[in-house]
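Single-structure report; data block below.
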Amino acid sequence: MLGDARLDYADWHAEADNRLTWMLGALGDRFGNDPVYVHLTRDRDAVIDSFRERHWGRISILRAFG
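Okay, so the sequence shown: first residue is 131 according to this note's numbering, each after it adds one.
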């Protein structure tokens with residue numbers, strides 16, 4: 131979804147999408163102080179492996195913009 135519809139969440143919806151960090155302003159404008167933000171963390175080595183796979187995969191957004 132694009133535009134305003136991207137943030138059409140139902141009450142008590144939980145969204146786990148790291149791209150939302152780019153939309154904190156829009157989230158604040160839309161939901162005010164009501165949302166609860168949770169910062170999830172992962173094992174450091176698992177993150178490194180994940181980014182390595184993203185970078186060297188057949189299609190890589192990291193290489194496209196790097």
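Backbone N, C-alpha and C fix where the C-beta goes; we use that ideal spot for every residue, glycine too.
Straight-line spacing of the CA atoms in Leu137 and Asp175 works out to 32 Å.
When secondary structure is reduced to three states using DSSP, Asp141 falls in the coil class, being assigned neither helix nor strand.
Where Asp175 is concerned, the enclosing alpha helix (DSSP H) starts and stops at 174-186.
Annotation for Ile191: the continuous alpha helix (DSSP H) segment containing it runs 191-195.
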